[in-house]
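Number of protein chains: 4
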Amino acid sequence: MELDLGAYNIRTDLALEAKELAESGSGQPVPGLLSEVVQEEGITITRMIVENEAASNAIGKMIGHYVTLEVPGLRGQDTGLQDHVATSFAREFEAFMSRIGVSAQARTLIVGLGNWNVTPDALGPLVVENTMVTRHYFELMPDQVAPGYRPVSAVAPGVLGITGIESSEIVQGIVERTKPDLIIAIDALASKAVERVNTTIQIADTGIHPGSGIGNKRRGLTKEILGVPVIAIGVPTVVYASTIVNNCIKLMSEHFGRQTGNTGPILGMLPSLPEQERLQLVKEVLQPVGHDLLVTPKEVDQFIEDIANIIASGLNAALHEAVDKSNVAAYTH
Amino acid sequence: MELDLGAYNIRTDLALEAKELAESGSGQPVPGLLSEVVQEEGITITRMIVENEAASNAIGKMIGHYVTLEVPGLRGQDTGLQDHVATSFAREFEAFMSRIGVSAQARTLIVGLGNWNVTPDALGPLVVENTMVTRHYFELMPDQVAPGYRPVSAVAPGVLGITGIESSEIVQGIVERTKPDLIIAIDALASKAVERVNTTIQIADTGIHPGSGIGNKRRGLTKEILGVPVIAIGVPTVVYASTIVNNCIKLMSEHFGRQTGNTGPILGMLPSLPEQERLQLVKEVLQPVGHDLLVTPKEVDQFIEDIANIIASGLNAALHEAVDKSNVAAYTH
Amino acid sequence: MELDLGAYNIRTDLALEAKELAESGSGQPVPGLLSEVVQEEGITITRMIVENEAASNAIGKMIGHYVTLEVPGLRGQDTGLQDHVATSFAREFEAFMSRIGVSAQARTLIVGLGNWNVTPDALGPLVVENTMVTRHYFELMPDQVAPGYRPVSAVAPGVLGITGIESSEIVQGIVERTKPDLIIAIDALASKAVERVNTTIQIADTGIHPGSGIGNKRRGLTKEILGVPVIAIGVPTVVYASTIVNNCIKLMSEHFGRQTGNTGPILGMLPSLPEQERLQLVKEVLQPVGHDLLVTPKEVDQFIEDIANIIASGLNAALHEAVDKSNVAAYTH
Amino acid sequence: MELDLGAYNIRTDLALEAKELAESGSGQPVPGLLSEVVQEEGITITRMIVENEAASNAIGKMIGHYVTLEVPGLRGQDTGLQDHVATSFAREFEAFMSRIGVSAQARTLIVGLGNWNVTPDALGPLVVENTMVTRHYFELMPDQVAPGYRPVSAVAPGVLGITGIESSEIVQGIVERTKPDLIIAIDALASKAVERVNTTIQIADTGIHPGSGIGNKRRGLTKEILGVPVIAIGVPTVVYASTIVNNCIKLMSEHFGRQTGNTGPILGMLPSLPEQERLQLVKEVLQPVGHDLLVTPKEVDQFIEDIANIIASGLNAALHEAVDKSNVAAYTH
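And the structure:
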């Protein structure tokens, strides 16, 4: 009786990377792909809209809204920066909800995907633990709920290997019973770039799709399946060894290109291969000998805790008007 | 915005104690209440049937089947005894299922009730972590499942304060999606006797009822609600301070009664009060000053881990014919 | 090969209780025992000096300085109150050090006694985890240490059952190598009163003595043994079942005394027994049947975490002038 | 006030790798370097002796004894294989002690180096938690200790960032107080090869040296410092991104070499660079942009737990004759 629950099909889910890749190929902006970039102290915020099928096909991402926060310093364990990111995240998330038409009263179910026993996959469950839930007050004593709150519930459905049930089925059952107006699903992702691991947060209104995230989901969490909008919050927490190698070849190419103008003698044909082809080549060499591991920085325990706190406190502030936006971190522990 | 999620309504759920109480009152066996007691090395097993309404009313327990394993030595951290209890539990549980007509192929959902952040309430979630789940093999590759297994899934729905959703609602949603034939629900209980804390396991086919268990459930997990049989596994893990006091007065009464024949001058009217009345008196004194705490032995971390392993390995053996019954503990870690 | 590592000899270490006990016996203040009581919002602070042998004998506590913070509301999980207690604790601790002549530069070793695997005994190790250590900066880059800090180190020596070594021996070895000027030892205690469990913090300059605390220490941590002053911080986290019973009998006696004026018919001779004798009687009844358990409130996980944070943040503020005293909680996580 | 506690100086501590590297350079066996290799079911055991200065200089490893167990399948979570490795490790460790002249009665102190809050660095502390300590029985009731045991104690001294004290100083203090005859120090290492991460265990009698292991130790644990023999047990648990890249270039070189006979056009001069020079080149590209992270496989939590259990149960069996060698895993949990 064997079933490989492994994670072959991990795809990179960052729209930002998809856009960069597409534009680096053509050297031109993609029509139907709108984006603006805001630089804050230590944070780069990119707001993107994939407007139509053409743009969607061009970058391989669904039609929808995407916001990415890139915080290179996030691995530095700087609590001041963390509070600042939580505040920015809260503001962006609130604006995102309003942009896609979610009402301020929308009853919200937060879903923390992933496996709490595997640290780099425990982000979702950790966010759920630190989220301020309020739905039960609305159910049990609606008259006494102060203004400025909305009904929020939160679950961590676990993974197939622990429950024997697809997380999407568990969520679907809970949605059918509790009828939320909005799902927010948090998921850990595989990264396409070492520098994005534990430094980047993506918000998207396209839901969670099969094969995305670290675990090998067979069904998704989407509006089509669940009947309500699904906002996905994704954070790259692991990276393939092959990605590390591919990134490095690119860096070497740039390095020697600057020095010599011609990388051929040093790096052979590697720099001239298209990104995807080179990655494929690396995978073909690493996979047969079992070297294409999914890895995570050794400080993973602290990084995951820090980012979970940022997202949880950001959500608490974004979802409830009554929560003080100037000090969002005070509402988690 | 306030909601007391406390645990006022904790009732004692051990049918054994209800029977003893009823019989100590009348001095006679209760008609319609069948029971047999088996003594094994260190374990007392009591199998009970509440046959009819009369018996049910007499002891305040629902019509149904009950099995209790009492293991006074279980707090001794003796791994040999633990393995022995797991084996006995597996055998009793298998017989119990067959007695109440559960087929060997019944698709089973294990529900671990309780709060994983509160150690004496974490028993259910810990059992779920150590359970062998198989349902996904049956769903994804039915042809390759070896004989001797049945589809088992397992969830820990969390508590109202973490999820904002009644655990019964979460379970109901999952049941509706996954259509199991049997629910097994594990719950931590408040005990009516100090000596039963972390030493006693009860199996019952009456489900989980509102107000039972450590948390304050507002809805139950029953056949009526869920449409399939619900076997409840309960373990007393906490005890009220008032119960400790009441137990002690009884012990003092017996102690001095043996010595003097008349406890009046020493203990006043306390010994002559009916059990429930005396408990009520103690509560009236302790509660207003906040002293009627729910307490648990200081070694609670180890005790809960030990019992969770016993139940998980017992269930693994009872649910799957292919699991070696002579060494049930080998299947958990 | 057997060795009982149990906790027979647990004594109550609160000087406050000893004083109350002595005064309730004689009805008079004890000569040579100075004390003052300060009431703050939700906190009662008692500062005591046992001046001489006579006072020491009268209350059974060593000559020395004692400060107790009683915070009945501390089990209410009120973060505002917790911050307030941390601030008061910091102020009292700083004053305490100055009163007993510890210099502001004294090199300090914090010792977290207890067993990190047993939640109610894990207070000391948890404080160590949250303490701001600085000694290594002074050792490795003394020129660059900002003013307002002193060298602080911190260890959790573990318990005999895990290390095979008395914690006092481990500490002695570390003290001989690192030569601190001051030891601060944190220990969990057994309480003589239910209401003090997880609500009371005692500071004393008398060190840690054999048989005190939850574990069964065979050697102490004292100035005589270690050659430097030892400030002990003790928190009652467990209580004997016999203590609960004894407390309750006293409460019942007061309750019925108020109502009837004569408790004899109701409670027999129990109220008239001296406190210690009555406790002894209860123990004689409970111990032979294994009922005199050490218990802790079921919410022990949260309570211990809260108090550890209070003590750690209080120490951080008290030990380093540079730490902002108005917001001491910001320096732990 | 800043002190970088990072891990720049991580060196690879596997003698096996040093030998391979030296021999791959010269194409010849190194004089004074004795080795034998034993293949068992799934395990390759290499026993090495660096006999003299010449050999020591040739491979950059100290004179001494080295044993390495390589178990490529160890990341497969196969409990049968784990038990088998524990048994082999116990046998090798016992033989190792006898080879270097450690008596069967030698009083032993096990030191678990590393940071319990950083999973890939928590191996040492986890081994300590699962070790059978016996020293206290010998101290407190020597007459009653059964034959077949020796006095064993165990400590996890923590890391500089938590304690403010070098772990070597803490150990030195404990050694001076408790006078063991032998130190066994367990440490997590950085690997020079992806395939060795969490699959390889090295035993060496050369102690622990500054800069080795994952943390940045400034002083070592050696016979010179501690006055008694120090056996080091090392397990690679992390790997530099640069190592992954370097390994991959080598694999690519072999891959294309087999296919084309000439890798020049494809890989440029990379394959022709000496191993160390190429690694240096990769580091020069990755480090300035912060990409030379130390990483660990995403399943690190489970891997570390598995290996800690193997080492702890192996040590329990090797150190105590009375422990059944045929089922070493039964003595840990």
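Protein chains in written order, with the numbering used here: chain A, 823 to 1155; chain B, 823 to 1155; chain C, 823 to 1155; chain D, 823 to 1155.
For glycine and all other residues, C-beta sits at the position ideal for the given N, C-alpha and C.
Pairing residue 886(A) with residue 1027(A) gives a Cβ-Cβ distance under 7 angstroms. For residue 1013(B), same chain residues with a beta-carbon under 8 angstroms away, outside a window of 5 residues either side, are 834, 836, 1019, 1022, 1058, 1059, 1060, 1061, 1065 in chain order. According to the DSSP assignment, residue 1104(C) belongs to no beta strand (DSSP E) but to the alpha helix (DSSP H) extending over 1097-1108. Residue pairing by DSSP places residue 888(A) opposite 870(A), 1026(A) in a beta bridge.
Taking every protein chain shown into account, the CB of residue 1148(B) has fewer than 16 other CB atoms within 10 angstroms, so this residue is exposed. Around residue 1141(A), no beta-carbon contact reaches into chain D at under 8 angstroms, the shortest distance being about 30 angstroms. Judged by DSSP in its simplified three-state form, residue 1050(A) adopts coil rather than helix or strand.
Residues of chain B whose Cβ lies closer than 7 angstroms to the Cβ of residue 985(A) are, in chain order, 955, 975, 976, 977. With a threshold of 16 other beta carbon atoms within 10 Å, residue 847(B) falls short and is exposed. Annotation for residue 871(D): 855, 856, 857, 886, 887, 888 place their beta carbon closer than 8 angstroms to its own, counting only its chain and skipping 5 residues before and after. Using a CB distance cut-off of 7 angstroms, residue 932(B) does not count as an interface residue toward chain C. Within the region 1050-1074 of chain D, those residues whose Cβ lies closer than 9 angstroms to any Cβ of chain A are, in chain order, 1059, 1060, 1061, 1063, 1064, 1066, 1067, 1069, 1070, 1071, 1073, 1074. The Cβ of residue 994(D) sits closer than 7 angstroms to at least one Cβ of chain C. Contact between the region 954-961 of chain A and the region 903-916 of chain A is absent: fewer than three C-beta pairs spanning the two stretches fall below 8 angstroms. Chain-order list of chain D residues neighbouring residue 1077(C): empty, with the shortest C-beta distance near 46 angstroms, by a criterion of under 8 angstroms. Spanning the alpha carbons of residue 1032(D) and residue 988(D) requires a straight line of approximately 11 angstroms.
Residue 990(B) and residue 973(C) have their C-alpha atoms roughly 54 angstroms apart.
Taking a C-beta cut-off of 8 angstroms against chain C, the contacting residues of the region 1089-1100 of chain B are 1089, 1090, 1091, 1092, listed in chain order. Distance from the CA atom of residue 1106(A) to the CA atom of residue 1080(D), rounded to whole angstroms, is 14 angstroms. The beta carbon of residue 880(D) sits closer than 6 angstroms to the beta carbons of 844, 852 from its chain, once the five residues preceding and following it are set aside; these are given in chain order. Within the region 891-921 of chain C, no residue has a Cβ lying closer than 8 angstroms to any Cβ of chain D. Following the DSSP letters along the chain, one finds residue 1087(C) inside the alpha helix (DSSP H) bounded by residues 1086-1089. The secondary-structure analysis by DSSP pairs residue 1133(D) with nothing; it has no beta-bridge partner. The C-beta of residue 1000(C) comes closer than 7 angstroms to at least one C-beta of chain D.
Per DSSP, the unbroken beta strand (DSSP E) holding residue 1009(A) starts and ends at 1004-1013. Excluding five sequence positions before and after residue 944(C), the CB atoms of its chain that fall closer than 7 angstroms to its own CB belong to 936, 937, 938, 1126, given in chain order.
Considering only beta carbons, the part of the region 938-955 of chain D lying closer than 8 angstroms to chain A consists of 939, 940, 941, 942, 943, in chain order.
What residue 1137(C) touches in chain D, judged by beta-carbon distance under 9 angstroms, is nothing: the nearest beta carbon there is about 13 angstroms away. Here the alpha carbon of residue 1042(D) sits roughly 25 angstroms from the alpha carbon of residue 965(C).
For chain B, the residues of the region 1009-1022 of chain C that bring a beta carbon within less than 7 angstroms of one of its beta carbons are 1016, 1017, in chain order.
Here DSSP, grouped into helix, strand and coil, assigns residue 989(B) to helix.
For residue 980(D), the neighbours in chain C by C-beta distance under 8 angstroms run, in chain order, 977, 978. Taking 7 angstroms as the cut-off, the Cβ atoms of residue 1071(D) and residue 1101(D) do not count as close. Taking 8 angstroms as the upper bound for CB-CB distance, residue 929(D) and residue 994(C) are not in contact here, some 18 angstroms apart. For residue 1076(B), the enclosing alpha helix (DSSP H) stretches over residues 1063-1082. For the region 1116-1129 of chain D, no residue has a beta-carbon sitting nearer than 9 angstroms to a beta-carbon of chain C.
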